[in-house]
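Here is the structure we will look at, set down as structure tokens.
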Amino acid sequence: MTRKPADAARANPARAIAFHPGDTPDGGAVSLALAELRRPVVDLAPADPVIDPAVAAFMGDCPMAFRPPVVAIAGGAPIVGAAAILAALAAAEPSKLLPRRPAERAVAEHWSAWIETDLVPPMMASIALRRLAPRHLPEAIEQARQVLKDRVARVEAALEDGPTLAGRWSVADMRLMAWLHRADWVGLGLGSRPALGAFADRAYAKPRIVLALAATKRPPVIVDHEGREGRGA
Numbered sequence: 001m002t003r004k005p006a007d008a009a010r011a012n013p014a015r016a017i018a019f020h021p022g023d024t025p026d027g028g029a030v031s032l033a034l035a036e037l038r039r040p041v042v043d044l045a046p047a048d049p050v051i052d053p054a055v056a057a058f059m060g061d062c063p064m065a066f067r068p069p070v071v072a073i074a075g076g077a078p079i080v081g082a083a084a085i086l087a088a089l090a091a092a093e094p095s096k097l098l099p100r101r102p103a104e105r106a107v108a109e110h111w112s113a114w115i116e117t118d119l120v121p122p123m124m125a126s127i128a129l130r131r132l133a134p135r136h137l138p139e140a141i142e143q144a145r146q147v148l149k150d151r152v153a154r155v156e157a158a159l160e161d162g163p164t165l166a167g168r169w170s171v172a173d174m175r176l177m178a179w180l181h182r183a184d185w186v187g188l189g190l191g192s193r194p195a196l197g198a199f200a201d202r203a204y205a206k207p208r209i210v211l212a213l214a215a216t217k218r219p220p221v222i223v224d225h226e227g228r229e230g231r232g233a
């Protein structure tokens with residue numbers, strides 16, 4: 001008989017990880033990492049919406065907040081945000097989430113940091129702008145689109161040199177794949193980007209990845225500067 005996650009957590013609480021995916025594609029990145037660890041996962045209360053200054057820079061006078069993913073490892077304090085969570089999980093079990101070779105590990109860590117600071121902010125801003133302000137902030141939408149186009153081109157070039165960003169499937173690839181999975185939310189087409197499309201196709205060929213990404217099926221909850229929520233169309 002297959003043991004349910006909650007039953008597994010009660011049987012071995014020291015290995016349990018409590019998790020809420022939040023309401024952005026970053027929840028999928030954490031889900032992918034947890035799938036690699038194969039540890040029991042239980043539900044956790046969602047984190048409060050937060051405004052990321054890097055995302056707000058694209059939003060002008062209309063900053064919006066998002067609920068980030070949150071985990072608690074073995075009853076510890078909550079860790080909020082994909083970058084912090086993935087770093088903590090990788091530090092705990094590097095052999096499962098990072099390349100073994102030091103040089104490749106350094107590349108994976110570089111890409112993880114770059115995705116957090118340079119790729120996710122224009123993607124997150126694009127979600128908010130496209131869903132809540134498509135007619136009111138055309139200049140902001142165009143700015144985010146141009147920045148995103150340039151930064152996606154850098155990822156595309158890297159993937160032309162190999163099947164992953166750093167030699168072996170790692171937390172950097174998981175973060176990237178989670179966002180490519182919801183490229184429709186961002187307005188990012190993969191058809192004209194063969195290396196990105198091939199990267200996504202290879203990931204989708206693995207059932208555990210498809211199951212992990214199911215955490216980000218629903219549209220994100222977006223909270224505007226007046227505290228009003230919206231989910232878009």
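Reminder that position 189 of the sequence shown reads as 189 in UniProt numbering, one-by-one numbering, no gaps. In this text, a Cβ means the ideal position worked out from N, Cα and C, and glycines have one as well.
In whole angstroms, what is the alpha-carbon distance linking residue i and residue j?
i           : j    : result
V171        : A108 : 7 Å
I51         : A57  : 10 Å
K206        : A91  : 25 Å
L176        : P63  : 24 Å
L190        : E93  : 32 Å
residue 246 : A45  : A query on residue 246 cannot be resolved here, the shown segment of the chain reaching from 1 to 233 and no further.
L211        : S31  : 9 Å
A183        : D43  : 26 Å
R39         : A29  : 16 Å
A87         : G76  : 15 Å
A128        : A47  : 18 Å
S95         : R130 : 39 Å
V154        : R101 : The sequence shown places Arg at residue 154, rather than the Val named in the question. Cα-Cα distance, rounded: 23 Å.
R193        : P53  : 29 Å
Tell me which residues share the same chain as residue i and place their Cβ nearer than 6 Å to its Cβ, disregarding the 5 neighbours each side in the sequence.
i    : result
A195 : E156, L159, E160
F199 : L159
W179 : P25, M123
A65  : P49, V50, I51, V223
V55  : P121, M124, A125
Quick one: residues in its chain with C-beta nearer than 8 Å to the C-beta of residue i, no 5 flanking neighbours on either side, listed in chain order?
i    : result
P99  : R105, V107, A108, A166, G167, R168, S170
Y204 : V210
V147 : F58, P122
D150 : none
G197 : L190, G191
My understanding is that residue i touches residue j, with C-beta atoms under 8 Å, so please give their C-beta distance in whole angstroms.
i           : j    : result
R202        : P138 : Rounded, the Cβ-Cβ distance is 36 Å, inconsistent with contact.
V186        : S126 : 5 Å
residue 235 : A33  : Residue 235 lies beyond the range of the chain shown here (1 to 233); nothing can be said about it.
A16         : A74  : 6 Å
V152        : L97  : Not confirmed; about 24 Å, so no contact.
L132        : L89  : So it is not a contact: roughly 32 Å between Cβ atoms.
Taking 7 Å as the line, does the beta carbon of residue i fall inside it for any heavy atom of the ligand NAD?
i    : result
V210 : In the structure shown, the ligand NAD is absent, as is every other ligand, since no ligand is present at all.
For residue i, decide whether its Cβ has a neighbour in chain D, counting only Cβ atoms nearer than 8 Å.
i    : result
A183 : In the structure shown, chain D cannot be found, because there is only a single protein chain.
- prompt: What are the uninterrupted segments assigned as beta strand (DSSP E) that are 3 or more residues long and contained completely in the segment 40-78, given in chain order?
  reply: 41-43, 70-73
message: Taking contact to mean 3 or more Cβ pairs, one atom from each stretch, closer than 8 Å, check whether the segment 67-85 and the segment 140-155 are in contact.
response: no
message: Is it the case that the segment 62-70 contacts the segment 23-43, given that we only count it when at least three CB pairs across the two stretches are under 8 Å?
response: yes
Within the segment 119-160, ranges of the alpha helix (DSSP H) (whole runs, at least 4 residues): 120-132, 138-159
- prompt: Quick check: the segment 109-119 against the segment 83-96, are there 3 or more CB pairs under 8 Å?
  reply: yes
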